[in-house]
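One structure below.
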Amino acid sequence: MKFSKTYNECMQSLEIELPGVGLKNLKKILKKCRQDLDSHNSPHNNDNGDSICPLQCPVCDGSFFPSLLKAMSEVVGCFNQRAQRLLELHLATGFKKYYVWCKGKQDHVSLIQEGQDLVTYAMINAIAVRKILKKYDKIHVSKQGQEFKSRAQSMHIEILQSPWLCELMAFHINLREKKGKTTRVANLFESCYLKFTDDKPSLACELFDSVKLDLDLTCSICLETVFDPVALYCGHIFCYMCACSAASVTIVDGLQAASPKEKCPLCREAGVYEGAVHLDELNLLLSRRCHEYWEDRLHSERAERIKQAKLHWESQLHAFMGV
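Residues 146 to 468 (the working numbering) make up the sequence shown, in order.
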């Protein structure tokens with residue numbers, strides 16, 4: 146079965162209507178290139194004698210990449226928005242939980258189904274982008290498709306980089322491991338799992354054979370399992386306290402107070418702290434699976450938080466008193 150048919154069937158099977166990559170339109174653009182070449186008896190041929198586009202193709206470069214860029218932006222924007230809303234519903238407590246659930250008119254089963262649909266949606270669109278760029282490079286005999294993929298990652302429109310995908314994976318594992326749930330929940334998303342290699346945890350997902358995720362959950366600053374994890378705008382995950390230290394801010398002020406000039410410790414990209422996302426589902430998962438480590442880390446960080454809070458308010462008092 147051709148991937149286009151598989152892609153369309155997968156998108157149509159989702160219970161929620163979401164924007165897609167637009168494979169049909171992108172393939173039409175590439176097809177037009179070949180038709181134009183054939184009509185002009187172009188001398189450009191590949192090793193098999195088939196017509197190919199020149200490296201600077203006005204048809205492809207003028208419409209293919211802009212169309213794909215727009216589609217990828219819409220896909221990742223929609224995915225992030227829906228995933229954030231779903232997880233807020235799941236983690237809501239007290240009166241807020243009662244309010245959002247009544248207002249949203251969603252039951253637990255529909256919440257689970259939407260989460261599964263969103264992860265499937267992310268994976269199938271990631272595959273679609275990979276395949277259409279591979280076809281672009283084949284027609285052009287170039288590496289422009291792979292270069293575009295690298296640019297997309299730097300622009301944060303690569304859906305597999307989204308911190309909300311990591312959260313949804315943890316969300317499904319938490320539901321699967323929670324006692325008292327139905328078989329439907331227990332058997333859900335067996336392909337998402339938390340694994341340990343030499344006591345180092347990572348989050349893995351093998352939903353489709355051609356896309357496999359393996360997210361390292363070791364903080365590159367303290368070199369320990371991420372505690373109270375936070376994902377920066379660039380996608381890299383750190384302990385919250387470590388991220389605050391790297392951003393030169395106190396825990397009291399938070400990452401929102403970080404200067405736009407502060408850079409990610411790994412990729413050295415600036416301005417990544419303001420859009421940081423707290424990974425609450427991942428935090429819950431690790432606290433259950435690494436209980437002893439979590440308790441020790443909780444006590445040590447609590448003391449550090451108290452110390453920083455005390456210093457912060459003392460400095461505020463001194464500033465107020467003019468000392």
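By construction, the Cβ of each residue, glycine as well, lies at the ideal position given by its N, Cα and C atoms.
In this text the structure is predicted, and so the values were computed from the model without any measurement.
Select from the options the residue whose C-alpha is nearest the C-alpha of residue i.
{"i": "I366", "options": "H381, V356, D359 and R447", "result": "H381"}
{"i": "K288", "options": "D361, R275 and M300", "result": "R275"}
{"i": "A216", "options": "L427, P164, H463 and T363", "result": "P164"}
{"i": "L313", "options": "R433, D398 and I257", "result": "I257"}
{"i": "N319", "options": "I396, D425 and A228", "result": "D425"}
{"i": "I302", "options": "C223, F465 and G207", "result": "C223"}
{"i": "M300", "options": "Q261, Y266, K345 and V221", "result": "V221"}
{"i": "E407", "options": "D373, K172, E449 and C389", "result": "C389"}
{"i": "N270", "options": "S218, H235 and L232", "result": "S218"}
{"i": "D398", "options": "W439, W458 and S149", "result": "W458"}
{"i": "L427", "options": "P405, H317 and D441", "result": "H317"}
Considering residue i, what are the terminal residues of the beta strand (DSSP E) in which it resides?
{"i": "A392", "result": "Looking at the DSSP string, A392 is not in any beta strand (DSSP E), and its letter there is neither H nor E."}
{"i": "A376", "result": "P374 to A376"}
{"i": "I382", "result": "I382 to C384"}
From which residue to which residue does the alpha helix (DSSP H) around residue i run?
{"i": "F465", "result": "H436 to M466"}
Secondary structure at residue i, three-state DSSP: helix, strand or coil?
{"i": "S347", "result": "strand"}
{"i": "D469", "result": "Here the chain covers residues 146 to 468 and nothing more, so residue 469 does not appear."}
{"i": "A418", "result": "Looking at the sequence provided, one finds Tyr at residue 418 rather than Ala. Here Y418 sits in coil by DSSP."}
{"i": "K288", "result": "coil"}
{"i": "H423", "result": "strand"}
{"i": "V330", "result": "Only weak support exists for where V330 lies, its pLDDT of 43 falling under 50; the value from the coordinates is given anyway. The answer is helix: DSSP assigns V330 an H, G or I state."}
{"i": "K406", "result": "coil"}
{"i": "S149", "result": "helix"}
{"i": "L320", "result": "helix"}
{"i": "R379", "result": "Before going on, a small fix: residue 379 reads as Cys here, not Arg. In this structure, C379 counts as coil in the three-state DSSP scheme."}
{"i": "I305", "result": "A quick correction: the sequence has Leu, not Ile, at residue 305. Reduced to three states, the DSSP call for L305 is helix."}
{"i": "R275", "result": "helix"}
{"i": "G167", "result": "coil"}
{"i": "D262", "result": "helix"}
{"i": "L313", "result": "helix"}
{"i": "C178", "result": "helix"}
Sort out for me which residues DSSP pairs residue i with in a bridge.
{"i": "K340", "result": "S347"}
{"i": "T370", "result": "T363"}
Say whether chain C places a C-beta atom closer than 8 Å to the C-beta of residue i.
{"i": "L427", "result": "Looking at the structure shown, chain C is missing, and only one protein chain is on hand."}
Specify whether the segment 307-322 and the segment 280-297 touch according to this definition: at least 3 beta carbon pairs, one from each stretch, less than 8 Å apart.
no
Counting Cβ pairs, one atom from each stretch, are 3 or more of them under 8 Å apart for the segment 401-418 and the segment 449-460?
no
So, does the segment 418-428 touch the segment 370-385, judging by three or more C-beta pairs under 8 Å?
yes
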